[in-house]
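Counting along the sequence shown from 1, when you hit position 364 you're at 363 in numbering that gives the first Met the number 0, and nothing is skipped either side.
All remarks here apply to the structure that follows.
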Amino acid sequence: MDGLLSRALAAVLAVLAGATIGHAVGSWLEGGAIGSIVGAAVGAAVIAVVDALRGRRLLAWVRGGGVSPVPAGVGLWGEIGYRVQGQLRSRDRALDDERLRLQQFLSAIEASPNGVLLLGADEQIEWCNSVAADHFGVDPQRDRGQRLTHLMRTPAFVAHLHDGRFDQPLAFSPLGGQQTLSVLIRRYGDGMKLVLSQDVTERERHDAMRRDFVANVSHEMRTPLTVLAGFVETMASLPLTEVERRRVLTLMEQQTTRMQTLLTDLLTLATLEGSPRPPTDRWVAVTALLAQARADGEALSGERHRIVVSVPEAAEVAGSQSELLSAVGNLVTNAVRYTPDGGRIDIAWRRRADGSGEIAVSDTGVGIAREHLPRLTERFYRIDGSRSRETGGTGLGLSIVKHVVQRHGGSLDVASEPGKGSRFAIVLPAARLRAVVEASPAEAPAP
Ligand code: ADP
0 MDGLLSRALA
10 AVLAVLAGAT
20 IGHAVGSWLE
30 GGAIGSIVGA
40 AVGAAVIAVV
50 DALRGRRLLA
60 WVRGGGVSPV
70 PAGVGLWGEI
80 GYRVQGQLRS
90 RDRALDDERL
100 RLQQFLSAIE
110 ASPNGVLLLG
120 ADEQIEWCNS
130 VAADHFGVDP
140 QRDRGQRLTH
150 LMRTPAFVAH
160 LHDGRFDQPL
170 AFSPLGGQQT
180 LSVLIRRYGD
190 GMKLVLSQDV
200 TERERHDAMR
210 RDFVANVSHE
220 MRTPLTVLAG
230 FVETMASLPL
240 TEVERRRVLT
250 LMEQQTTRMQ
260 TLLTDLLTLA
270 TLEGSPRPPT
280 DRWVAVTALL
290 AQARADGEAL
300 SGERHRIVVS
310 VPEAAEVAGS
320 QSELLSAVGN
330 LVTNAVRYTP
340 DGGRIDIAWR
350 RRADGSGEIA
360 VSDTGVGIAR
370 EHLPRLTERF
380 YRIDGSRSRE
390 TGGTGLGLSI
400 VKHVVQRHGG
410 SLDVASEPGK
420 GSRFAIVLPA
430 ARLRAVVEAS
440 PAEAPAP
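Printed below as a string of structure tokens:
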């Protein structure tokens, strides 16, 4: 309002000044009244031209986005420039804030372990984080605006996207990939879609393993139970002689033992998986451990094999005595079961050059073909199922060994040649070993 007043005042002054000067000049030319009118008109025109020039400068500055300094000016035009500049600055500040917030929001989505992909109304990629880019094989920058189905052509996914029923997630394996993805689609905005993806390969693998495990356990339990049921029926329905009765009872006992062994191994595995890592301050004497394993092996072998223990340098291992005995015991039991009568079994301890220690169980038995070696420690993996079962195997022995060894921070080395024999070595890290010190009551082996 002040600006407008001063502007009006300036116009009045200009007109008056023009009229005065015009009147003076007009009087000199003997036309004072006309001179006044012309002078007033010139004064008004000068003000109009000055205003037009200032207005144009300001308009040019506004059109330029207000980036350059605001044109200097006083009065009305100066105030307009100043106020427009203030508005532009606060707009820029608000924009910067919004940009920062958007950036933070996108960074948070980027940090998500899952894939997030935004699709436009025509299924074109609007934005995706790097996890989604990896899942769908797209480039977040280059492929922006591309139709997703041109880049991810797996039929199951394309059908799901077009199907429009997004209440359930879809699990599928992208063409040519080993992964399994789970994709959940949600609609938002005007025909836009939010695609959330998750790599469920590991989960699917575990599910498959669990299903296999349950199927295997059921199968292993069903066989002896079927046999037992048959015998029970025989005993109930047929008159048996004393000899027959004894034979049937012996067979029933064998099947019961088989089930008991299986359950014991299953419980051992479950305990290993569910319990904390073995202690690092309980010391187990290697000599006593191997002697016990040999005694168990001899009991099973019944003098059919020669079992030799060698401990050149006494040592102690930090860990669980019962677990270690179970691991070495399983290896010795296997050596006995897979070595023909008259064979030799060696149980040997040695320190390796790198400081780690090794308990090796070698036999002169049937050996194992190379292709089986990587799968030996899988649960229920057997090379010769009938031989394993005949000799009382459950198919879980080496899984137990692997678990125990891993829990002690070690590894299992297997070398074998069919017809010549096998060597299973439990390798334990140097950190869990120590040379034997004089036994004192405080350092007696853990129970
Ligand atoms: P099992 O109860 O069947 O012995 P394991 O897990 O202990 O189960 O062993 C898996 C398979 O590895 C066995 O079925 C057997 O074929 C093979 N195996 C294990 N130890 C030996 C060995 N010392 N000599 C030959 N084959 C072996």
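Every residue, glycine too, gets a C-beta built ideally from N, C-alpha and C.
Worksheet item: With respect to 8 Å, is the separation between the Cβ of residue 450 and the closest non-hydrogen atom of the ligand ADP below this value?
Response: Shown here, the chain extends from 0 to 446; a query on residue 450 therefore has no answer.
Item to complete: Note the first and the last residue of the continuous alpha helix (DSSP H) segment covering residue 129.
Response: 129-135
Item to complete: Report yes if the C-beta distance between residue 447 and residue 406 is below 9 Å; otherwise report no.
Response: Outside the shown range of the chain, which is 0 to 446, sits residue 447, and nothing can be said about it.
Worksheet item: Is it buried or exposed for residue 440, if we count other Cβ within 10 angstroms and need 16 for buried?
Response: Note that residue 440 has pLDDT 48, beneath the 50 cutoff, so the model's placement of it is unreliable and no number is given.
Practice prompt. Answer yes or no: the CB of residue 423 versus the heavy atoms of the ligand ADP, is any distance below 8 Å?
Written response: yes
Worksheet entry | Contacts around residue 114, its chain only, beta-carbon distance under 6 Å, and the 5 residues preceding and following it disregarded | Excluding positions up to five away in sequence, the list reads 130, 131, 134 and 196.
Item to complete: Could I get the ranges of all uninterrupted beta strand (DSSP E) runs contained in the stretch 291-338, with 3 residues as the minimum, in chain order?
Response: 305-309 and 314-317
Worksheet item: What's the gap between the Cα of residue 17 and the Cα of residue 4?
Response: 20 Å
Discussion item. Whole angstroms are fine: how far does the CA of residue 20 sit from the CA of residue 27?
Written reply: 11 Å
Discussion item. Rounded to the nearest angstrom, what separates residue 420 and residue 152 at their Cα positions?
Written reply: Approximately 51 Å between the Cα atoms of the pair.
Worksheet item: Alpha carbon to alpha carbon, what distance is there between residue 285 and residue 298?
Response: 20 Å
Worksheet entry | Beta-carbon separation (whole angstroms), residue 380 vs residue 374, contact threshold 8 Å | 5 Å
Worksheet item: Nearest-angstrom Cα distance between residue 427 and residue 403?
Response: 11 Å
Practice prompt. Name the residue from 287, 229 and 180 whose alpha carbon lies nearest to the alpha carbon of residue 203.
Written response: 180
Practice prompt. Count the other CB atoms, across all protein chains shown, that sit within 10 Å of the CB of residue 337; report buried if there are 16 or more and exposed otherwise.
Written response: buried
Worksheet item: Which residue from 398, 62, 125 and 51 puts its Cα closest to that of residue 269?
Response: 398
Worksheet item: Can you give the Cα-Cα distance for residue 400 and residue 279, rounded to whole angstroms?
Response: 19 Å
Practice prompt. Report the three-state DSSP secondary structure of residue 45 (helix, strand or coil).
Written response: helix
Practice prompt. Go through the stretch 343-388 residue by residue and report every complete run of the beta strand (DSSP E) that reaches 3 residues or more, in order.
Written response: 343-350 and 356-362
Worksheet item: How is residue 416 classed by DSSP in three states: helix, strand or coil?
Response: Strand.
Worksheet item: Using a Cβ-Cβ distance under 9 Å, would residue 211 count as near chain C?
Response: Absent from the structure is chain C; it holds one protein chain and no more.
Fill in: Buried versus exposed call for residue 161 [16 or more other C-beta atoms within 10 Å across all chains shown]
exposed
Worksheet item: Based on Cα-Cα distance, which residue from 34, 393, 431 and 341 lies nearest to residue 448?
Response: With the chain represented from 0 up to 446, any question about residue 448 goes unanswered, as that position is not in the structure.
Fill in: Cutoff 6 Å; reference residue 41; Cβ partners in own chain excluding five residues on either side
17
Worksheet item: Given residue 43, which residues of its chain have a CB within under 8 Å of its CB, disregarding the five upstream and five downstream residues?
Response: 10, 13, 14 and 17
Worksheet item: Exposed or buried, what is residue 417 when buried is set at 16 or more other beta-carbons lying within 10 Å of its beta-carbon?
Response: Burial call: exposed.
Discussion item. So residue 168 and residue 136 are supposed to be a Cβ contact under 8 Å. How far apart are they, rounded?
Written reply: Between residue 168 and residue 136 a beta carbon distance of about 19 Å is seen, past the 8 Å cut, so the two are scored as non-contacting.
Practice prompt. Within the same chain, show all residues whose beta-carbon is closer than 7 Å to that of residue 488, passing over the 5 residues directly before and after it, in chain order.
Written response: A query on residue 488 cannot be resolved here, the shown segment of the chain reaching from 0 to 446 and no further.
Item to complete: Quickly, what does DSSP pair residue 196 with across the bridge? List them, please.
Response: Note: residue 196 sits in a beta bridge opposite 114 and 182.
Worksheet item: Cα separation between residue 158 and residue 124?
Response: 17 Å
Worksheet item: Quick one: what's got a C-beta closer than 8 Å to residue 147's C-beta in the same chain, skipping five residues either side?
Response: Same-chain partners within the cutoff: 116, 118, 122, 123, 124, 135, 137, 160 and 194.
Item to complete: Within the same chain, show all residues whose beta-carbon is closer than 7 Å to that of residue 109, passing over the 5 residues directly before and after it, in chain order.
Response: Same-chain partners within the cutoff: 128 and 129.
Worksheet item: Does DSSP classify residue 520 as helix, strand or coil?
Response: No information on residue 520 is available, as it lies outside the stretch 0 to 446 that the chain covers here.
Item to complete: Assign residue 104 to one of two classes, buried (16 or more other C-beta atoms within 10 Å of its C-beta) or exposed (fewer than that).
Response: exposed
Discussion item. Report the CB separation of residue 247 from residue 292 in whole angstroms; it is logged as a contact under 8 Å.
Written reply: Wrong, their Cβ atoms sit about 35 Å apart, outside the cutoff.
Worksheet item: In three-state terms, what does DSSP make of residue 19?
Response: helix
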